[in-house]
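Residue numbers (our numbering), protein chains in the order written: chain A, 18 to 576; chain B, 18 to 576.
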């Protein structure tokens with residue numbers, strides 16, 4: 018790119034993922050012959066995206082510019098920021114991954130799950146810059162819904178580019194403060210360009226403080242006299258610690274269910290984020306021997322994921338926990354867009370089983386977002402006071418609204434850049450322009466062994482899911498130019514053929530007609546010609562008769 | 018049922034659809050040898066329910082009790098209350114359909130769409146009871162998001178059963194008031210059992226009045242200086258009239274896009290609900306010749322439906338309307354659960370095309386729900402003061418919360434019935450019990466001609482959508498017990514075979530091995546035996562190699 022898109026001396030900024038979407042975050046900053054990558058995340062597709070497990074960015078640009086890559090910097094340990102690291106490492110050589118605290122533990126666990134994939138992971142620290150030839154990195158702590166989130170300052174001769182990571186400002190956090198002074202100092206020094214988190218721009222004011230959530234949880238625990246079953250995001254370690262504290266205070270033992278929750282609590286205890294007197298955590302099998310009023314069941318499933326602990330408890334299919342009258346279920350979470358329906362389904366089942374269900378509402382603050390509302394975004398803009406502004410991490414409408422906030426706080430409209438994945442912003446100390454585009458795409462990952470999956474396969478799956486498939490199998494003798502034996506008609510997901518024998522007969526005779534006509538036309542036998550005729554004729558007949566359009570798959574065996 | 022489930026003299030109440038869901042409403046009241054059906058709706062499945070167009074109730078009970086059916090009563094003209102009438106009429110003889118006002122127009126239009134299906138439709142009127150031998154029907158007007166919504170009072174010797182239909186209380190409606198006094202008189206007379214709309218129970222207070230929405234729309238229209246593009250539910254005729262009035266007041270002509278909107282406006286004008294000076298409505302082709310500030314574009318697509326006018330406008334694929342700078346798009350609607358994602362997608366596209374987008378928010382009341390919030394539901398409970406209470410029209414958690422409201426307002430807990438589709442509530446003037454269950458099911462409708470679709474077909478489609486299909490086609494000579502020509506391997510939606518020739522070769526030779534072994538085993542040739550062996554062997558190989566499980570479909574041609 019250096020030669021084609023950027024002029025010499027320009028700083029290039031672009032995203033391979035994360036613009037126009039919430040997920041698969043991957044931002045790049047390139048200067049001279051050096052390139053640093055910020056985050057390597059994945060995107061979880063909609064529940065029904067045709068069997069796809071993840072979507073990841075296209076890494077072609079990185080493969081082609083392998084020699085420039087200096088490091089991958091991780092802002093925090095959420096899956097949309099670290100989840101694609103294994104896929105990246107298989108395609109691109111990454112000299113070093115810089116990360117901090119919990120993110121390091123989560124990345125290491127992830128690499129182990131991927132058959133012991135190796136990487137050089139080094140911890141970064143606020144106040145200890147990392148220097149390359151032309152780029153220097155600094156860090157500042159932020160508040161977010163996972164410990165150890167950081168923003169990054171990328172220094173070049175042209176100026177400082179700041180990437181906020183995911184952030185909010187929580188003036189009364191339950192754990193650590195954000196680094197207000199580091200952020201303010203960067204602003205005083207002068208920021209060339211700010212890349213800032215847009216996710217929660219539709220909230221007008223400030224996000225709720227974790228302290229309020231903590232107080233609500235404590236209050237609820239004191240007033241509940243039966244079992245408390247509480248689900249939250251496993252990675253929200255601070256929230257988990259609040260739940261632990263509320264349990265200890267109300268003399269409850271804690272039983273943990275769900276693999277990711279168990280794993281995160283283990284890491285959290287090891288790293289000192291989760292502190293509990295000995296004996297606080299009990300085994301699942303001890304639940305039955307513990308007084309109901311002395312029990313907290315902490316579990317996964319806050320998004321209604323069908324296989325998670327809470328969903329199993331709700332549907333009565335959990336091996337160890339059955340709901341009993343007097344149980345109170347708290348969803349200390351909010352549904353991620355796309356999960357609303359599955360969360361509702363779980364809530365319906367919980368009610369049906371007789372539980373009291375408490376969800377986030379204006380009357381019970383049992384959850385707070387990890388992302389800045391408008392006033393926090395404005396505060397970040399004011400503290401950093403950037404010359405140029407590029408909203409990141411959000412769908413288009415969020416980027417657009419965030420850009421407007423930037424303009425409202427005094428950034429000239431022409432200095433504001435609403436970009437798409439691949440767009441390259443080229444900066445110097447006194448200029449900015451969209452310089453061109455690098456290759457980007459959604460890469461679908463299905464299963465783990467084969468890896469990526471093509472868009473034609475997805476298209477076929479979608480078509481199959483809508484009207485199913487009808488196959489006609491025929492055997493022809495090439496020399497005698499005739500069809501041998503009756504065509505076989507098979508369908509999957511189209512109609513139930515036992516109820517439609519007349520239709521099978523018609524399809525068989527139509528297939529014979531089409532093929533005979535073709536074989537007797539004097540033309541040279543061309544199998545794809547016959548197939549096309551069959552698709553056309555059978556398709557039309559079926560559409561007329563049933564108003565459906567199954568995929569038609571003719572198979573012709575030639576003897 | 019009379020003999021088996023109800024005792025003589027009991028009034029039976031049950032739903033064939035509408036409990037535990039929002040959709041396919043169909044409630045039945047049976048007394049002595051008479052049965053009246055209230056509503057015949059359908060349910061629109063989730064966007065991705067495998068090509069299914071609608072879900073309707075199982076009508077078996079009605080087919081088996083054909084002789085008792087006196088009438089179908091329609092509360093109002095929404096699809097979840099009238100949409101399944103054509104399917105019902107094909108299976109069950111309905112002596113008469115009673116409906117009022119707009120619902121009649123919409124039912125007639127619907128029957129015409131279904132190849133001129135015939136029905137005996139009679140208009141009912143508040144204050145004019147309809148009498149059968151043992152059952153008498155009365156009606157009362159309610160407020161809802163479509164004109165002419167009614168509640169129904171069903172009188173028997175045992176007492177009055179009241180079905181609210183869908184309702185809210187709007188003290189300042191833009192059209193007609195609810196019949197407060199009729200409702201209050203029923204309460205004074207004494208109501209045995211109330212069936213009341215639970216949909217909006219999660220709203221603590223009152224729904225917004227249409228008057229507020231109307232004022233907001235007027236204000237917006239006055240302050241917008243470019244084109245207004247506004248989308249709403251086509252059936253919300255009162256809202257459409259507000260948009261017409263705001264347009265007339267601000268000297269805007271109205272161009273209408275979207276078939277259902279055109280159709281509803283036509284019916285609305287015919288029936289006098291929509292009033293506009295001549296020349297207010299213009300043709301689509303006149304849009305280009307009209308000043309931007311004098312133009313309202315009223316369209317469908319408020320739910321992000323991919324083929325509706327607004328979605329096409331947003332994506333740039335509408336034939337007549339392209340977005341231009343200065344356009345303001347108003348979504349006078351709220352997303353129905355399940356549609357949030359497609360609405361967001363449309364909003365992103367609209368922003369991207371440069372439009373200003375206004376959606377319902379605390380700062381702009383451009384939409385109001387048609388369903389009662391908690392305080393309205395309590396008002397209905399207070400006015401009718403029923404002995405027994407059965408929340409209807411809602412998912413389980415809504416029914417549960419609504420039941421609690423009933424208890425809060427003074428109904429004994431034991432007199433409150435949270436039921437499922439099929440549960441039969443048996444009432445006398447001084448008793449109530451769940452007496453048993455009638456047959457219910459979700460019937461899937463795909464296309465219009467063949468009608469219903471079996472659950473095996475849906476299961477196949479789901480399987481196909483997840484990992485696709487792999488077919489192996491082989492021809493064998495039965496006499497010589499050998500395979501003729503190389504097996505053909507075909508896949509759809511599994512993997513892209515051009516990239517995997519080695520895998521095809523392996524699958525072919527595995528298939529030959531399996532079949533040869535079978536043919537040479539000395540066993541009598543059993544085609545399904547060979548197929549099962551192929552499914553097992555190929556399935557295991559593919560799972561090991563790719564971590565996927567496509568549907569495997571062997572086809573064996575025997576010569």
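Positions of the beta carbon are idealized from the N, C-alpha and C atoms, including for glycine.
Quick test of the definition: if touching needs 3 or more C-beta pairs under 8 angstroms, does the region 410-420 of chain A touch the region 36-46 of chain A? yes
Whole angstroms are fine: how far does the CA of residue 461 of chain B sit from the CA of residue 474 of chain B? 10 angstroms
So if DSSP puts residue 273 of chain B in a beta bridge, which residue, or which two residues, is it bridged to? B/315
Could you spell out the range, first to last residue, of the beta strand (DSSP E) harbouring residue 408 of chain A? 405-409
Report yes or no: is there a C-beta of chain B within less than 7 angstroms of the C-beta of residue 41 of chain A? no
Between residue 509 of chain A and chain B, is any beta-carbon pair separated by less than 7 angstroms? yes
CB contact check: residue 474 of chain B to chain A, cutoff 7 angstroms: yes
In three-state DSSP terms, what is residue 395 of chain B? helix
What's the C-alpha gap between residue 394 of chain A and residue 36 of chain B? 44 angstroms
Measure from the alpha carbon of residue 477 of chain B to the alpha carbon of each residue in A/388, A/472, A/483, then state which is nearest. A/483
What residue range does the alpha helix (DSSP H) around residue 205 of chain B cover? 197-206
Can you tell me whether residue 92 of chain A is buried or exposed? The criterion is at least 16 other CB atoms within 10 Å of its CB, across all chains shown. buried
Quick one: what's got a C-beta closer than 8 angstroms to residue 294 of chain B's C-beta in the same chain, skipping five residues either side? 265
Are three or more beta carbon pairs between the region 364-377 of chain B and the region 276-292 of chain B nearer than 8 angstroms? no
Whose C-beta lies closer than 7 angstroms to the C-beta of residue 530 of chain B among residues of the same chain, with five residues either side of it excluded? none
For residue 488 of chain B, count neighbouring C-beta atoms within 10 Å of its own C-beta (all shown protein chains included) and say buried if the count is 16 or more, exposed if not. buried
Residue 369 of chain A CB to nearest chain B CB: under 7 angstroms? yes
6 angstroms CB neighbourhood of residue 351 of chain A in its chain, flanking five on each side removed: 377, 384
Which residue spans inside the region 501-553 of chain A form an unbroken alpha helix (DSSP H) run of at least 4? 518-536
Contact check, residue 491 of chain A vs residue 507 of chain B under 8 angstroms by CB: the rounded distance? About 14 angstroms; that fails the 8 angstroms criterion.
Count the CB pairs spanning the region 103-117 of chain B and the region 67-76 of chain B that are closer than 8 angstroms, and state whether there are at least three. yes
Reference residue 327 of chain A, options A/368, A/187, A/309, closest by Cα: A/368
For residue 319 of chain B, return the contacting residues in chain A, with the cut-off set at a CB-CB distance below 8 angstroms. Ordered by position in chain A, no residue passes the 8 angstroms Cβ test against residue 319 of chain B, which lies about 16 angstroms from the chain.
Determine the extent of the beta strand (DSSP E) in which residue 442 of chain B is found, giving its start and end residues. 440-445
Are any of the Cβ atoms in chain A nearer than 7 angstroms to that of residue 483 of chain B? yes
Could you give the C-beta distance for residue 533 of chain B and residue 500 of chain B, rounded to a whole number, given that I count them as a contact under 8 angstroms? 7 angstroms
How would you write the range of the alpha helix (DSSP H) that residue 78 of chain A sits in, first residue to last? 77-81
What are the residues in the region 397-426 of chain B lying within 7 angstroms of chain A by C-beta distance? 412, 413, 414, 417
Chain C contacts made by the region 353-367 of chain A, where a contact means CB separation under 7 angstroms: Note that chain C does not occur in the displayed structure, where the protein chains are A and B.
At the 7 angstroms Cβ level, is residue 533 of chain B part of the contact set with chain A, yes or no? no
Alpha carbon to alpha carbon, what distance is there between residue 213 of chain A and residue 424 of chain A? 14 angstroms
For residue 55 of chain B, count the other beta carbons within 10 Å of its own beta carbon; 16 or more makes it buried, fewer makes it exposed. Which is it? buried
Just the C-alpha distance for residue 83 of chain A and residue 109 of chain A, rounded to the nearest angstrom, thanks. 7 angstroms
Between the C-alpha atoms of residue 271 of chain B and residue 324 of chain B, what's the straight-line distance to the nearest angstrom? 21 angstroms
Contact under 7 angstroms by Cβ, residue 520 of chain B with residue 218 of chain B: no
DSSP bridge partner residues for residue 15 of chain B (one or two, in chain order): As displayed, chain B neither begins before 18 nor continues past 576, which places residue 15 of chain B out of reach and without an answer.
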